[in-house]
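This report concerns only the one structure given below.
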Amino acid sequence: MVDAFRTHIMQTKELGTCPVRQIGGCSFFYMRISNVYIVIVVSSNANVACAFKFVVEAVALFKSYFGGAFDEDAIRNNFVLIYELLDEIMDFGYPQNLSPEILKLYITQEGVRSPFSSKPADKPVPNATLQVTGAVGWRREGLVYKKNEVFLDIVESVNLLMSSKGSVLRCDVTGKILMKCFLSGMPDLKLGLNDKIGLEKESQLKARPTKSGKTIELDDVTFHQCVNLTRFNSEKTVSFVPPDGEFELMKYRITEGVNLPFRVLPTIKELGRTRMEVNVKVKSVFGAKMFALGVVIKVPVPKQTAKTNFQVTSGRAKYNASIDCIVWKIRKFPGQTEPTMSAEIELISTVTERKPWTRPPIQMEFQVPMFTASGLRVRFLKVWEKSGYNTVEWVRYITKAGSYEIRC
C-alpha cells in the first residue's frame, strides 16, 4: 500500500485535489511543504483535523531546531534528532507536547544550521518533567526579568468584495491577538474585550449595566491552550498564565458591523475599439489623525494595451505589463482624503473581432495602524503575580488587507 501511494503521488498531475487518499484498508493524510511530503497513515477512523494540526505543529518544532529550514537537506542532516523528537511528541498514536520551549529543556541536541548553535547549551532544569506533565506545561518556573513588560497586538485582515456601484457583496474580518510576555514568576493575566457576550456577563455579575460604548459579536473564536476555558465559559473573561516570549493568544472572525477603511469608486469607459478611460477615486474612511501605510491599488487593464497615460493626485503610478495592471502606490495615505487617478489607455488595433474584456476586480493592499475594522478594543489587561511587581502594558492595533477587491 505504501508503494501504491507513492505511485499515486508521482502520477497525479493536480496535487491539490484532495489531501486524503484511501488505499486498501489504510488512509493516507499527506501535506507538501517545500520539496517534502509529510504523510500520516492510519488504519482506523482517525480525526483528520487533529492529524493535520499535528503535522503543522511538528513542522514548526522541526524548524525551530533546524534554524528555520525544513527541506530534504535539513531532514538528511538531522535524521537522528528527528527520531528523538518523534519519540517525544507522539505516543501510541496520540499527540503529546509539541512546544519547542519545553522540549529544548531536555532534548538539548543541536540541529544542523540551527541558530542556537552559537549559544551555550541551557543547563538542565530539575523540574523539566513537572513542566511537561504539570498543569502549566507551557511555562517554566524561575523566570526573572529586570523590567516586566507585556506587548499585545490585535492584527486584523479585511476580506471584501464590492460591486462597481459601491454595494458590499461579501465582507468579513479575520483577526488574531498576538502577545509577547516578558514577566517574572508565574503571573495570572486577565484580558477584557468589548465583546457583547462578555459585557453582558459582567453586568450580570455586578448587577448593574456597564457603559462600554460599541459592542461586537465574535464568531469562530479559538484560544491558545493557556486560556482557562472553565473561567471563560462561566465569566466570559480571557484568563491565562502566558507562555514566555511570543505566542498567539486567540483567533476570531467577525461578519457583522465591519468598518471598511477604504471605499473605492471606479469608472471605466470604453471609447471605441482602441481607447479607454479609467477614473478611480479612493476615499479613506478612518479618522483624519490616522494614516495608512504601503497602500497599493492594482487597476486591471486589457492585455491588448499598447500605451497608457495617467495622472494621480497623490503617490505614484506605473503600468506593469506582466500583470496587466496599472499599479498605483501611496506610501502614506492620510485619513478623510480622496486621491484620484485618471488614465487614458490606447489598445492595439486588430482586424479580427476581440473577445470582450472580462474586467477583473481592482485589488488593494494596505496597512492601517491603530485601527480595527471590527471595532474590537481592549478594555483592560490586568497582571497579577504574588510578588506584586509593577508591569508595563503595550497595546497596538493593526488592520491589513486580506482579499480587498472591487469590481469594475
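Converting from the sequence shown to the numbering used here requires adding 102 to each position, the first position being numbered 1. We treat Cβ as the ideally placed atom computed from N, Cα and C, and that holds for glycine.
For residue j and residue i, the rounded distance between their alpha carbons
i	j	result
Arg-333	Trp-240	19 Å
Pro-217	Gly-170	With a pLDDT of only 44 at Pro-217, under 50, the local geometry of the prediction cannot be trusted, and the value read off the model is given with reservation. Distance between the alpha carbons of Pro-217 and Gly-170 is about 8 Å.
Glu-350	Leu-200	15 Å
Ala-445	Trp-459	17 Å
Lys-434	Val-387	15 Å
Gly-396	Lys-431	7 Å
Lys-221	Thr-210	Caution applies to Lys-221, whose pLDDT of 41 falls short of 50 and renders its modelled position unreliable; the model cannot decide the point.
Ile-140	Trp-496	39 Å
Arg-509	Glu-258	23 Å
Val-382	Ile-450	23 Å
Thr-452	Ile-135	45 Å
Ala-390	Thr-501	16 Å
Val-340	Asp-290	11 Å
Val-366	Lys-206	50 Å
Val-144	Ile-204	28 Å
Arg-461	Met-392	33 Å
Glu-190	Ala-160	11 Å
Val-360	Asn-296	15 Å
Asn-513	Glu-358	Because the chain spans 103 through 510 in this model, residue 513 falls outside it and cannot be assessed.
Met-378	Lys-385	23 Å
Ser-269	Lys-371	20 Å
Gly-504	Glu-467	8 Å
Asp-322	Leu-293	18 Å
Glu-212	Cys-273	46 Å
Residue nearest to residue i in terms of C-alpha spacing, selected from the options
i	options	result
Ile-428	Val-260, Lys-298 and Arg-418	Arg-418
Gln-327	Met-112, Ala-408, Glu-507 and Pro-345	Pro-345
Gly-127	Ser-136, Pro-121 and Phe-107	Phe-107
Ile-142	Lys-165, Glu-190 and Tyr-196	Tyr-196
Val-343	Ser-269, Val-485, Val-260 and Ser-166	Val-485
Glu-362	Gln-438, Lys-400 and Lys-405	Residue 362 is actually Leu in this sequence, not Glu. The shortest C-alpha separation from Leu-362 is found at Gln-438.
Tyr-506	Ser-145, Leu-478, Gln-469 and Glu-487	Gln-469
Val-275	Glu-243, Glu-319, Leu-291 and Gly-244	Glu-319
Gly-374	Ala-153, Ile-447 and Val-494	Ile-447
Thr-442	Asp-426, Lys-457 and Gln-413	Gln-413
Gln-124	Met-103, Lys-488 and Met-112	Met-103
Val-157	Pro-121, Asn-330 and Val-401	Pro-121
Gly-347	Tyr-491, Arg-242, Lys-292 and Pro-404	Arg-242
Glu-487	Tyr-132, Val-150 and Leu-245	Leu-245
Val-401	Ser-416, Tyr-247 and Tyr-421	Tyr-421
Residues sharing a beta bridge with residue i, DSSP
i	result
Val-104	None; Val-104 has no bridge partner.
Tyr-247	Answer is none; Tyr-247 lacks a bridge partner.
Asp-290	Trp-486
Asn-411	Glu-446
Trp-94	Residue 94 cannot be examined here, being either before or after the span of the chain that is shown, 103 to 510.
Trp-430	Ile-399 and Ala-419
Review point. Just checking, does the stretch 275-288 make contact with the stretch 243-252 on the three C-beta pairs under 8 Å criterion?
Key: yes
Check your understanding: In chain order, which alpha helix (DSSP H) runs of at least 4 residues are fully inside the stretch 163-205?
Key -> 174-179 and 181-191
Check your understanding: What runs of the beta strand (DSSP E), each 3 residues or longer, lie entirely inside the stretch 314-353?
Key -> 321-325 and 340-342
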